[in-house]
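All residue numbers for the sequence shown refer to the working numbering, where the first residue is 10 and numbers rise by one. Heads up, the beta-carbon is just placed ideally off N, CA and C, and yes, glycines get one too. Take a look at the structure set out below.
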Amino acid sequence: MTSDEMNRPPAPVVAAVVIHALFAAVLLIGAVVIAIAGAPALALLGLVALLPGSVALGLWQGNRGARVGAILFGIPSVVAPIVMLLLLAVPESSRAWFTPDELDEFELVDEDGDDEDDELAAGRG
10 MTSDEMNRPP APVVAAVVIH ALFAAVLLIG AVVIAIAGAP ALALLGLVAL
60 LPGSVALGLW QGNRGARVGA ILFGIPSVVA PIVMLLLLAV PESSRAWFTP
110 DELDEFELVD EDGDDEDDEL AAGRG
């Protein structure tokens, strides 16, 4: 896998981002229409668009909290959490996108170069 492919989210994550971004856009456009119609107090409901917008940004960046938020965000409906679960938790590529790379760096390394476990040899393990 090239470094360019590693920086791009997989297709299921992109689909989840598009769904949340479209929802945020609809909320924002609705708020603008309400403001133009003459109810500026109700236009403040456009701030609600920040939630799906921030979830979409977090998903794009690989934030695990955003993945949980995306699944829980649709709880009032029946279909949305199932779709998000199928997009973000089931495919291996999606799970890998939200797994930090630092976990790969913490492999056990033998410091002195021999294949013997020094702690077991010393009776401490």
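Given 8 Å, three or more beta-carbon pairs between the stretch 48-58 and the stretch 80-97: no
Euclidean distance between Cα positions of residue 62 and residue 47: 25 Å
Taking its Cβ as the centre, do 16 or more other Cβ atoms sit within 10 Å of residue 102, making it buried, or is it exposed? exposed
Can you tell me the Cα-Cα spacing of residue 44 and residue 35, whole angstroms? 14 Å
Just list the alpha helix (DSSP H) runs in the stretch 55-121, keeping only unbroken ones of 4 residues or longer that don't cross its boundaries, in chain order. 59-70, 73-82, 88-97, 101-106 and 111-114
Taking 9 Å as the threshold (C-beta atoms), are residue 25 and residue 68 in contact? Yes, the Cβ-Cβ distance between residue 68 and residue 25 is below 9 Å.
What whole-angstrom Cβ distance do residue 27 and residue 97 have, given they're in contact under 8 Å? Residue 27 to residue 97, Cβ: 13 Å. No contact.
Among 108, 17 and 16, which residue has its Cα nearest to the Cα of residue 72? 108
Determine the burial state of residue 75: buried for a count of at least 16 other Cβ atoms within 10 Å of its Cβ, exposed for fewer. buried
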